[in-house]
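Trainee: What follows is a structure written as structure tokens; I'll ask about it next.
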Amino acid sequence: MVGELSERIGIIGGGIVGIALARALLEGGRGDVTVFEKEERVAAHQTGHNSGVVHAGLYYKPGSLKAELCVVGRKQIEEFCAEKKLPYREVGKLVVAVDDSELDALADIERRSIANGVPDLRRIDDQSELHAIEPHVHGVAAVHSPHTAVVDYSAITEAMAADVRSLGGTILLGSEVTAMRQERNGTVRVKTGASEHVFDRIISCAGLQSDVVAALIGASPSPKILPFRGEYWSLAAKRNDLVRGMIYPVPDPRFPFLGVHFTRGVYDDIHVGPNAVPALAREGYNWLTVSPRDTWKSLRWPGAVPLAKQHWRMGVDEISGSLIKPLYFNKARRFIPELRMSDLTAKTAAGVRAQAWGRDGSLLDDFAVDQVGPVTLLRNAPSPAATSSMAIADYVIEHYLP
Ligand SMILES: Cc1cc2nc3c(=O)[nH]c(=O)nc-3n(C[C@H](O)[C@H](O)[C@H](O)COP(=O)(O)OP(=O)(O)OC[C@H]3O[C@@H](n4cnc5c(N)ncnc54)[C@H](O)[C@@H]3O)c2cc1C
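Numbering (my numbering), first residue to last: 5 to 406.
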């Protein structure tokens, strides 16, 4: 049956990547598609708990999948929002070097952005130009990406899910895949609760659970998912004039996260964050949610010791900032000296990033896909995977579901 129109395809995960994939398969006239989502709604985890930024491709290593699929995906998300009349606001992004020690790293971001084809990128060395874009920012130089945008990824995923249903696909909510087995005839039997389903192909887009789902079909335990929580503070509404668009630090190249930043959201709320602290559960949105099983498994992973040795300083710094507000505030105030502690009103949200982690302790930088017979596994789809979701879907179909 494989390759024919009647092919039965199962997708595990109703985040933006799984739903974009289901939609692309159905739009391409491919078979009969069922999405399994363990929660009672789509976009319940990373997709519904992120910064809402449509990245333009500034940071990623030229030639990497992230670089290629982010640039294509940005256009696709823009077109999709226009078609569905969903908000898409190009508020623009400034990546700011606050002192001379950050100039080399800023130059590297500029080189990467040019190589990746980020549209209309501009280097800014002049204070008046900097203040024309963000009047309250402090910095010695910056790069400006005017087409970096903000959206509502939950609303986008809901709209894609509506397309999936109207194209004849099925989305089964509250349906956790707990077992998978490849049959002698090449099909895959999938178990959810008391029901069983048979497919010609399975694609897993399980985000924070992607290594758990990979284990169900006997794939390599590496890379493992290491959950990193990112917490956001809200900027007091009366201080909304401090930020026009997005103000980002120059990221530390040794670390896969972008650093605490300011983002004007699509609904004009301004959030400050996220930081990056190890989460004590895969879906642990605060310090009180602890999964002894997840934490014990992370600690027992062979990569735990090398990772801790390499990044302990950064870890202590991030955890302290999470627990002690003045430390978080100091990180933010580097960019906006007028900021006051009382302007950070409340920790309003948090997301947990699914970061893949090798046996040797290295954090996987690029998107990664594995294949076990008829089962395709997305093993690493961190930021900018929401931006790139439609391009990731096209890539997986082209390379793994010919
Ligand atoms: C704090 C934070 C900020 C971010 N900011 C941005 C940003 O500004 N821009 C950007 O492009 N990206 C950003 N990202 C990254 C982006 O959100 C993710 O890369 C993207 O959402 C990944 O989508 P996904 O569908 O792979 O995963 P998810 O959205 O996590 O979806 C996976 C789904 O699989 C389901 N699932 C898992 N196991 C099973 C099972 N056994 N059976 C059934 N269902 C299962 C889960 O319930 C979940 O709904 C951010 C992420 C975080 C956490």
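Just so you know, even glycine gets a beta-carbon here, dropped at the ideal spot from N, CA and C.
For Thr-391, which three-state DSSP category applies?
Mentor: The residue you call residue 391 lines up with position 387 of the sequence shown. Three-state DSSP puts Thr-391 in coil, outside helix and strand.
Trainee: Can you look up Gly-52 in the DSSP assignment and give me helix, strand or coil?
Mentor: What you label residue 52 is simply residue 48 of the sequence shown in a count that begins at 1. Helix.
Trainee: Do Ile-206 and Val-379 have their C-beta atoms closer together than 7 Å?
Mentor: Here residue 206 is taken as the residue at index 202 of the sequence shown, counted from 1. Here residue 379 is taken as the residue at index 375 of the sequence shown, counted from 1. Cβ distance < 7 Å, so Ile-206 and Val-379 count as in contact.
Trainee: Using the DSSP secondary-structure output, state which residues sit across from Phe-203 in a beta bridge.
Mentor: Position 199 of the sequence shown holds residue 203. Bridge partners of Phe-203: Val-192.
Trainee: Within the present structure, is the beta-carbon of Ala-223 separated from the nearest heavy atom of ligand 1 by less than 6 Å?
Mentor: Mapped onto the sequence shown, residue 223 falls at position 219. Flag unset: Cβ of Ala-223 not near ligand 1.
Trainee: Give the single residue among Tyr-64, Gly-14, Gln-50, Glu-114 whose Cα lies nearest to the Cα of Asp-370.
Mentor: Start at 1 with the first residue of the sequence shown, and residue 370 comes out as number 366. It is Tyr-64 whose Cα lies nearest to the Cα of Asp-370.
Trainee: Does the beta-carbon distance from Val-95 to Ala-223 come in below 7 Å?
Mentor: In the sequence shown, counting from the first residue as 1, residue 95 sits at position 91. In the sequence shown, counting from the first residue as 1, residue 223 sits at position 219. Not in contact: Val-95 and Ala-223 (Cβ atoms no closer than 7 Å).
Trainee: Taking the beta carbon of Gly-35 as the centre, do at least 16 other beta carbons fall within 10 Å, making it buried, or is it exposed?
Mentor: For this step, residue 35 is matched to residue 31 along the sequence shown. It counts as buried.
Trainee: Beta-carbon within less than 6 Å of Lys-129's beta-carbon, same chain only, minus the 5 sequence neighbours each way: which residues are those?
Mentor: Here residue 129 is taken as the residue at index 125 of the sequence shown, counted from 1. The amino acid occupying residue 129 in the given sequence is Asp; Lys does not appear at that position. For Asp-129, where only same-chain residues beyond five positions count, the Cβ hits under 6 Å are Ala-145.
Trainee: Please determine whether the Cβ atom of Thr-38 lies at a distance below 6 Å from any heavy atom of ligand 1.
Mentor: As a working note, residue 38 is residue 34 in the sequence shown. Checking every heavy atom of ligand 1 against the Cβ of Thr-38, none is found closer than 6 Å.
Trainee: Name the DSSP beta bridge partners of Glu-235, please?
Mentor: On the sequence shown, residue 235 is found 231 positions in, with the first residue counted as 1. Paired residues: Ala-354.
Trainee: By the three-class DSSP mapping on this structure, what secondary structure does Glu-277 have?
Mentor: Counting from one through the sequence shown, the residue named residue 277 turns up at place 273. In the sequence as presented, Glu is not what sits at residue 277; that position holds Gly. The answer is strand: DSSP assigns Gly-277 an E or B state.
Trainee: Quick check: what's the CA-CA separation for Gln-80 versus Val-39?
Mentor: By one-based count along the sequence shown, residue 80 stands at place 76. By one-based count along the sequence shown, residue 39 stands at place 35. Cα to Cα, the separation comes out at about 22 Å.
Trainee: Give me the residue from Arg-115, Ala-210, Pro-406 with the minimum Cα distance to Pro-386.
Mentor: Position 382 of the sequence shown, counting from 1, holds the residue named residue 386. The option with the nearest alpha carbon to Pro-386 is Ala-210.
Trainee: Would you mind sorting Leu-212 into buried or exposed? The rule is 16 or more other CB atoms within 10 Å of its CB.
Mentor: For this step, residue 212 is matched to residue 208 along the sequence shown. With 16 or more other Cβ atoms within 10 Å, it is buried.
Trainee: Which residue marks the beginning of the beta strand (DSSP E) containing Met-184, and which one marks its end?
Mentor: Within the sequence shown, residue 184 is the residue found at index 180, counting from 1. Met-184 -> beta strand (DSSP E) spans 181-186.
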